[in-house]
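*Asks:* One structure, pasted below without further comment.
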Amino acid sequence: MKNINRRNFIALTGGALATAGTLLTIPGIARAGGKRVVVVGGGPGGATAARYLRLLDPSIEVTLIEAKANYHTCFMSNEVLGGMRTLDSIMVTFDGLRKLGVNVVTDMVTAVDADKRMVKTADGASFGYDRLILSPGIDFKFGAVDGYSAETANTIPHAWKAGPQTALLRKQLVALEDGDNVVIVAPPNPFRCPPGPYERASLIAHYLKYNKPKSKVLVVDTKDKFSKQGLFTAAWKRFYGFGTDKSIIEWMPASEVGGVVAINAKNMTVETEFETFKGGAINYIPPQNAGKIASVAGIADDSGWCPINKKTFESTLVPNIHVLGDAAIATKMPKSGYAANVQAKVAAAALVDLFNGREPGVPSFVNTCYSVAAKDHAFSVSAVYRFNEAENLITPVKGAGGLSPMDASDEYRKREVDFAHGWYNNIRIDSWG
Amino acid sequence: MKFIKTPFLAMLLIAGLLPGATAEAKEASGTMLAIQCSGCHGFEGVTTGPGIPSIAGMTEEYLVLSMKDYKADNRKGTLMNRIAKGYSDTEITAMAGYFAGLKYAGHQQSPDASLVAKGKDLQQRHCESCHEESGAKADGIGILAGQNMTYLHYAIADFMSGDRPMERRKKQKMDQLITDEGEAGFNAIIHYYSSR
Numbered sequence: 075m076k077n078i079n080r081r082n083f084i085a086l087t088g089g090a091l092a093t094a095g096t097l098l099t100i101p102g103i104a105r106a107g108g109k110r111v112v113v114v115g116g117g118p119g120g121a122t123a124a125r126y127l128r129l130l131d132p133s134i135e136v137t138l139i140e141a142k143a144n145y146h147t148c149f150m151s152n153e154v155l156g157g158m159r160t161l162d163s164i165m166v167t168f169d170g171l172r173k174l175g176v177n178v179v180t181d182m183v184t185a186v187d188a189d190k191r192m193v194k195t196a197d198g199a200s201f202g203y204d205r206l207i208l209s210p211g212i213d214f215k216f217g218a219v220d221g222y223s224a225e226t227a228n229t230i231p232h233a234w235k236a237g238p239q240t241a242l243l244r245k246q247l248v249a250l251e252d253g254d255n256v257v258i259v260a261p262p263n264p265f266r267c268p269p270g271p272y273e274r275a276s277l278i279a280h281y282l283k284y285n286k287p288k289s290k291v292l293v294v295d296t297k298d299k300f301s302k303q304g305l306f307t308a309a310w311k312r313f314y315g316f317g318t319d320k321s322i323i324e325w326m327p328a329s330e331v332g333g334v335v336a337i338n339a340k341n342m343t344v345e346t347e348f349e350t351f352k353g354g355a356i357n358y359i360p361p362q363n364a365g366k367i368a369s370v371a372g373i374a375d376d377s378g379w380c381p382i383n384k385k386t387f388e389s390t391l392v393p394n395i396h397v398l399g400d401a402a403i404a405t406k407m408p409k410s411g412y413a414a415n416v417q418a419k420v421a422a423a424a425l426v427d428l429f430n431g432r433e434p435g436v437p438s439f440v441n442t443c444y445s446v447a448a449k450d451h452a453f454s455v456s457a458v459y460r461f462n463e464a465e466n467l468i469t470p471v472k473g474a475g476g477l478s479p480m481d482a483s484d485e486y487r488k489r490e491v492d493f494a495h496g497w498y499n500n501i502r503i504d505s506w507g
Numbered sequence: 031m032k033f034i035k036t037p038f039l040a041m042l043l044i045a046g047l048l049p050g051a052t053a054e055a056k057e058a059s060g061t062m063l064a065i066q067c068s069g070c071h072g073f074e075g076v077t078t079g080p081g082i083p084s085i086a087g088m089t090e091e092y093l094v095l096s097m098k099d100y101k102a103d104n105r106k107g108t109l110m111n112r113i114a115k116g117y118s119d120t121e122i123t124a125m126a127g128y129f130a131g132l133k134y135a136g137h138q139q140s141p142d143a144s145l146v147a148k149g150k151d152l153q154q155r156h157c158e159s160c161h162e163e164s165g166a167k168a169d170g171i172g173i174l175a176g177q178n179m180t181y182l183h184y185a186i187a188d189f190m191s192g193d194r195p196m197e198r199r200k201k202q203k204m205d206q207l208i209t210d211e212g213e214a215g216f217n218a219i220i221h222y223y224s225s226r
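See the structure below:
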C-alpha cells in the first residue's frame, strides 16, 4: 500500500513544516511512515476526524489543512443574526487540535494527485498521504440566476458560510431602515442545513419585532415545502402574526411566485418569474454543490455531490479518499453539523481499523438538529440510523427519531432552547477540542 | 473545564473494543454507539451544559434503566424518548458498558456561594441516605455532585410533576423536603451539588 520511504516522507513534509512555521513536538512523529492522513477542511467534519484519529491511534500522523485561521460555525450563526449572541461566540480555534498533535496548516488545497497520493496548496506546499479525508463543505452555483457572482456576496450576502458573511448580514440588519423589508431566498434541495433558512427567518423576525417593527421578512422559496414546516408555521403564527395582515414573516413558495431568475444588486430586488421583491437587505442563499476541491479531485459525480461507501466514507470514484459532511452523498442523513461530526467518527474508526490491518466494524449514526424559532421556543428533529450494507444506505430506525410534537407544552419548547445551547457547547468541544 | 485524560479511547482500541476488533461482529460495538452521543452529552460523557447532563461514570444498571424508561415512555423527556427508541436492548447494554468505564467530572458553573452552605446542610439531612458521598456515589443512582444545574432543576420539576417516576421512599423524602423547605430548599441543594 505505501511506497513512501522515510526519506520521501521527510522531503514531502519538510516544505509543509517550513510553510506552517510550526514544529511538531509530539514524540512518535518520526515513525509515522505508512500512517499519514491529510484532512482537508476544518469544519465539524474535518476537525472531528482529525481529533478522533489522534485520540484513537496517536501513531497516525494527521495534517489538517484549512484555509481560515479560525473557524466560525454555521450552526448557531442565526442567533448572531437575531442579536442573541456575538460573532465571537461562534468562533472556534484550532488550538485544541494542535494540542493533540495535529499539524494544522492554514492554507487552501488546490490540487489532489490521487496516484502519487499528494495534495498541493495555494502557498506551494505539498503533503503526502496514505489516506485523504476531504470535508470541504459546500460551494455555490453562481450561474443559477442572473446577477449573482462570488463578488456579489460582498453586498448581497449568502451568509451560508459563517464568519465575515454573518457579520455583513448582521450589519445590514442593524442598519436597515424601519419599514424596509428583508428578503431571504431559500435554496433548492439538496442544501446545507435544511431548516436553516427558516430558523434564520424566525430569528430575523424576532429582531425586527423588537427593533424595526414596520419591517418584514419575505421568504422567497425555490421549493414548495421545507423542513419542520408545521413547527415553524405554528411558531410564526404565535410569535410573528403569520397569516394575518400584520405578519412579520411572509413565505412565498415557488408554485406561487415562480422560480428565482435574477438578483439585482443595484435596485436591491429579487426577481422571480412572476414577481419582483424589493429589500433593504437581501439574503440570497444560492443553490449548492460539494466544495470545489471535490470536483478538482474527481470525487464528485454529475449531481455535484460525492458518492461514497457509507461504511467507511471512502469515495466510490477515487480510492484512498474519504469524504465527510455536506459534500458527501450520505443518504439518508441530512447535511448537518451533527451529521458531519458523527460521520467523521465512523470514518476515523474505519481508518484506524484499516491502518491496523482490521476489517472496519459496524458503524452507528445519529443526527439531532435544533431550531430556535423565538425566545424560549425551539424544536428538534432527530434520527438514529443503521448502516444497510446490501443497499449502501444509512437508514433511519423505524419508530424512533422524528420531530418535536406539534402539541408540546411551553415548558418543552423552552427546554429545547437550553438543549440547543447545551448541544452547541458540547459539540464544539467534541469536534475542535 | 476539566480535560479528561484521552488515552482512554486508545486503551479501548488496544482492548479490542473498537469496531472491527471482532471479526464477525454484526452489531456496532458499545464504543461506536456511545461516541455518537458526545455531540450532545459532551466529549467522553462530560457536559458543559446547559440542560444536557453528564452521563460519564454512571453504573451500567442505571444507564440501562434510564434508557429503557425513555424507550417505553415511562419517563417523559424531549429528545431522549425519540433517541432511545432507536436502540435495541443489546445496544443499550453495550453503550452502558462504555459509559460506566468513563470518569465522571464536574464542569464550570456559577453556584451562589450563599446557597451552597445551606444546600450542603440540607443535602446531608434529606438526600445523603440515598445520594451518598454528597451525591458523588453512582450506586445504581444518578451522580448529582457536579451535575449541570439546569438539568437538576428539570429533574426535580419532572419528579414532582410525575413526568419522571419515583419510587416510594424517594417520594417520601422529596415531599418532606418540600414541606420543610419549599422550592428554595431544592434550589439550595442544586447550588451545592453544582459547586462540587
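So the protein sequences, as listed, match chains E and R.
As numbered in this note's numbering, residues 75 to 507 make up the first sequence, in order.
As numbered in this note's numbering, residues 31 to 226 make up the second sequence, in order.
The beta-carbon is built from N, C-alpha and C at its ideal position, and this holds for glycine as well.
Being a predicted model, the structure only gives us computed values, none of them experimental.
1. For chain R, is any of its Cβ atoms less than 9 Å away from the one on E/HIS451?
2. Assuming E/LEU477 and E/ILE207 form a contact by the criterion Cβ under 8 Å, report the distance between their Cβ atoms to the nearest whole angstrom.
3. Could you give the C-beta distance for R/LYS106 and E/GLY473, rounded to a whole number, given that I count them as a contact under 8 Å?
4. If we call anything under 9 Å between Cβ atoms a contact, is R/LEU109 one with E/PHE493?
5. Locate the alpha helix (DSSP H) running through E/PRO271, then write down its first and last residues.
6. I need the DSSP call for E/ARG266, collapsed to helix, strand or coil.
7. Does at least one heavy atom of the ligand SAM sit under 8 Å from the Cβ of E/GLU153?
8. Using a Cβ-Cβ cut-off of 8 Å (strictly less than) and excluding sequence neighbours within five positions of E/PHE300, which residues of its own chain qualify?
9. Taking only beta-carbon positions, decide if R/GLN66 is within less than 9 Å of chain E.
10. Here's a check: name, in chain order, each residue in its chain whose Cβ is nearer than 6 Å to the Cβ of E/GLY119, leaving out the five neighbours to either side.
11. For E/MET158 and E/LYS449, what's the separation of their Cα atoms in angstroms?
12. Out of E/ASP504, E/GLY507 and E/GLU485, point me to the one whose CA is closest to R/GLY81's CA.
13. If you run the structure through DSSP and keep just helix, strand and coil, what is E/ARG487?
14. If we cut at 9 Å on Cβ distances, does E/SER38 have a partner in chain R?
15. Please list the terminal residues of the continuous beta strand (DSSP E) segment that includes E/ASN363.
16. Entirely within the segment 348–397 of chain E and at least 4 residues each: give me those alpha helix (DSSP H) ranges in chain order.
17. Which whole-angstrom value is the C-beta distance of R/LEU152 and R/ILE220, which I expect to be below 8 Å?
18. Would you mind reading off the limits of the alpha helix (DSSP H) that contains R/SER164?
19. Along chain R, in chain order, which residues have C-beta atoms closer than 8 Å to that of E/GLU153?
20. Can you tell me whether E/THR167 is helix, strand or coil according to DSSP?
21. Any chance you could list the alpha helix (DSSP H) runs of at least 4 consecutive residues sitting entirely within the segment 111–195 of chain E, in chain order?
22. With a cut-off of 8 Å on the beta carbons, I'd call E/VAL111 and E/LEU127 a contact; round off their distance for me.
23. Please classify E/TRP325: does DSSP put it in a helix, a strand, or coil?
24. Look at the Cβ atom of R/TYR134, then the Cβ atom of R/LEU63, and state whether they are nearer than 9 Å.
25. Residues of chain E with CB under 7 Å from R/LEU63, in chain order?
26. Taking only beta-carbon positions, decide if E/ARG489 is within less than 9 Å of chain R.
27. Along the segment 78–99 of chain R, where does the CB come closer than 8 Å to a CB of chain E? Name the residues.
28. How big is the Cα-Cα spacing for E/PRO381 and E/ASN363?
29. Near R/LEU93, what residues of its chain come up, given a Cβ to Cβ distance below 8 Å and the 5 sequence neighbours on each side ignored?
30. Between the segment 214–230 of chain E and the segment 127–139 of chain E, do at least 3 Cβ pairs fall closer than 8 Å?
31. Given a cut-off of 9 Å on the beta-carbon distance, is the pair R/THR78 and E/ASN499 in contact?
32. Can you tell me whether R/ILE85 is helix, strand or coil according to DSSP?
33. So what's E/ILE337 in DSSP terms, helix, strand or just coil?
34. Roughly how many whole angstroms lie between the Cα atoms of E/GLY304 and E/MET480?
35. Please classify E/PRO434 as buried or exposed, where buried requires at least 16 other C-beta atoms within 10 Å of its C-beta.
36. Less than 9 Å between the beta carbons of R/ILE171 and R/HIS161, yes or no?
*Replies:* Quick answer:
1. False, the Cβ-Cβ gap to chain R never drops below 9 Å.
2. The C-beta distance from E/LEU477 to E/ILE207 rounds to 32 Å, too long to meet the 8 Å contact threshold.
3. About 18 Å separates the Cβ atoms of R/LYS106 and E/GLY473, ruling out a contact at the 8 Å cut-off.
4. Yes. Within cutoff.
5. Looking at the DSSP string, the run of the alpha helix (DSSP H) that includes E/PRO271 is 270–285.
6. Here E/ARG266 sits in coil by DSSP.
7. No copy of the ligand SAM appears in this structure; indeed no ligand is present at all.
8. The answer, listed in chain order, is ALA260, PRO268, PRO269, PRO271, TYR272 and PHE306.
9. For R/GLN66, the closest Cβ of chain E is nearer than 9 Å.
10. In chain order, SER209, LEU398, GLY399, ALA414 and ALA418 place their CB closer than 6 Å to the CB of E/GLY119, counting only its own chain and leaving out the 5 sequence neighbours on each side.
11. When rounded, the distance between both Cα atoms is 9 Å.
12. Between R/GLY81 and the set E/ASP504, E/GLY507 and E/GLU485, the nearest pair of CA atoms involves E/GLU485.
13. Secondary structure of E/ARG487 (DSSP, three-state): helix.
14. Residue 38 of chain E cannot be examined here, being either before or after the span of chain E that is shown, 75 to 507.
15. Here the beta strand (DSSP E) through E/ASN363 covers 362–364.
16. Listed in chain order, they are 367–371.
17. Their Cβ separation, rounded to whole angstroms, is 10 Å, which puts R/LEU152 and R/ILE220 out of contact at 8 Å.
18. Looking at the DSSP string, the run of the alpha helix (DSSP H) that includes R/SER164 is 162–165.
19. What E/GLU153 touches in chain R: nothing, since even the nearest Cβ is about 14 Å away.
20. In the three-state DSSP reduction, E/THR167 falls in the coil class, being neither helix nor strand.
21. Along the length of the segment 111–195 of chain E, whole alpha helix (DSSP H) runs at least 4 residues long occupy 118–130, 151–155 and 169–173, reported in chain order.
22. Confirmed, about 6 Å.
23. Note: E/TRP325 maps to strand in three-state DSSP.
24. It is not a contact, given that the beta carbons lie outside the stated cut-off.
25. Near R/LEU63 (Cβ distances below 7 Å), the residues of chain E are SER438.
26. Yes, contact with chain R.
27. Within the segment 78–99 of chain R, the residues whose Cβ lies closer than 8 Å to some Cβ of chain E are THR78, GLY79, PRO80, GLY81 and ILE82, listed in chain order.
28. Distance between the alpha carbons of E/PRO381 and E/ASN363 is about 12 Å.
29. Cβ neighbours of R/LEU93 beyond the five flanking positions: ILE85, ILE122, MET125, ALA126, PHE129 and ALA130.
30. No, the segment 214–230 of chain E is not in contact with the segment 127–139 of chain E.
31. Cβ atoms of R/THR78 and E/ASN499: closer than 9 Å.
32. R/ILE85: coil per DSSP, three-state reduction.
33. Of the three classes helix, strand and coil, the one that applies to E/ILE337 here is strand, per DSSP.
34. In a straight line, the C-alpha of E/GLY304 is about 7 Å away from that of E/MET480.
35. Buried.
36. Cβ atoms of R/ILE171 and R/HIS161: closer than 9 Å.
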